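The opening residue of the sequence shown carries number 1 in the UniProt record's numbering; numbering runs sequentially from there. Note that CB positions come from ideal geometry on N, CA and C, so glycine has one too. Please read all numbers here as calculations on a predicted model, not as lab measurements.
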Amino acid sequence: MTSTTTVPPVDTGAPATRRPHEVDNRAAYAGFGLAYLLGHGAAAASHGDTPVLGLPGWLPSALLGTGLVTGIVLATTAVLRSQRGAPAPEILSGRLLGTAWIAAFTALALAITGLTSVLDAPELQSVLWPAGSGLIVGLLYLAEGAVRRNVLHYGLGIWLALTSAAALSFDAPGLHWVLTVAGGGAYALATALEARRLRSLEDAPHD
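Printed below as a string of structure tokens:
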């Protein structure tokens, strides 16, 4: 008599479907937010007929530039950290987005340099750089938010792009006040909302 034995399913050791790592934008948001608050804030307070602070003309630009570079470095670090062990298509998307930052700011520099040279109005750089950099960052956030399916990042990009473009309607120091309040405030809010977004993803059931 032959006995029938039920063979248990074999565990192949194949890992379950891996949930893609989320980019933690909190440090980058804080870096960019400080750039807006300190850089644009210093420019707003030191311009106008009755400036609040007497600051050297180079200081607001230096604060803004340092903050922007810090924010870009923090954003790049966050993306690289999230891509450890990620599939090749996800890594390629991150590299393409990183290259887009370099290309976008290079194009902005060429446009501002060319425009102010043709118009023989170098003073326009003090207006075009603050508003233009905010517009570029906003548009890049739009692209990143769409690729990563991050609604918060996408929404922040819309806000930065619109407020930066609208700021061109104001003379200094009004332009800098708009960027300080609208941009710096948006980054502060986004930093808090990013923490809540990451917590909600951790609490969500994984497939």
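Would the beta-carbon of residue i fall within 8 Å of that of residue j?
i    : j    : result
A27  : A111 : no
G145 : V151 : yes
T113 : G98  : no
T180 : G57  : no
S61  : L53  : no
G184 : Y29  : no
A43  : P173 : yes
On the premise that residue j lies in contact with residue i, defined as a C-beta separation below 8 Å, what is that separation, rounded to the nearest angstrom?
i    : j    : result
T191 : G33  : 7 Å
A131 : L175 : 7 Å
L63  : G31  : The Cβ separation is near 12 Å, so there is no contact.
For the alpha helix (DSSP H) that contains residue i, what are its first and last residues?
i   : result
Q83 : Looking at the DSSP string, Q83 is not in any alpha helix (DSSP H), and its letter there is neither H nor E.
F32 : 26–34
A45 : 41–46
Answer with buried or exposed for residue i, where buried requires no fewer than 16 other C-beta atoms within 10 angstroms of its C-beta.
i    : result
G13  : Residue confidence for G13 is low, a pLDDT of 44 falling below 50, so the modelled location carries little weight; the figure read from the coordinates is stated next. Exposed, because fewer than 16 other Cβ atoms sit within 10 Å of the Cβ of G13.
A109 : exposed
E194 : buried
L135 : buried
V23  : buried
S169 : exposed
L124 : exposed
V178 : buried
S133 : buried
(Q) List, from N- to C-terminal side, the alpha helix (DSSP H) runs of 4 residues or more that fit wholly inside the segment 119–152. (A) Fully enclosed alpha helix (DSSP H) runs of 4 or longer: 125–148.
Q: Could you name each continuous alpha helix (DSSP H) segment of 4 residues or more that falls completely within the segment 146–206, going from the start of the chain to the end?
A: List check, alpha helix (DSSP H) in window: 151–167, 174–178, 185–203.
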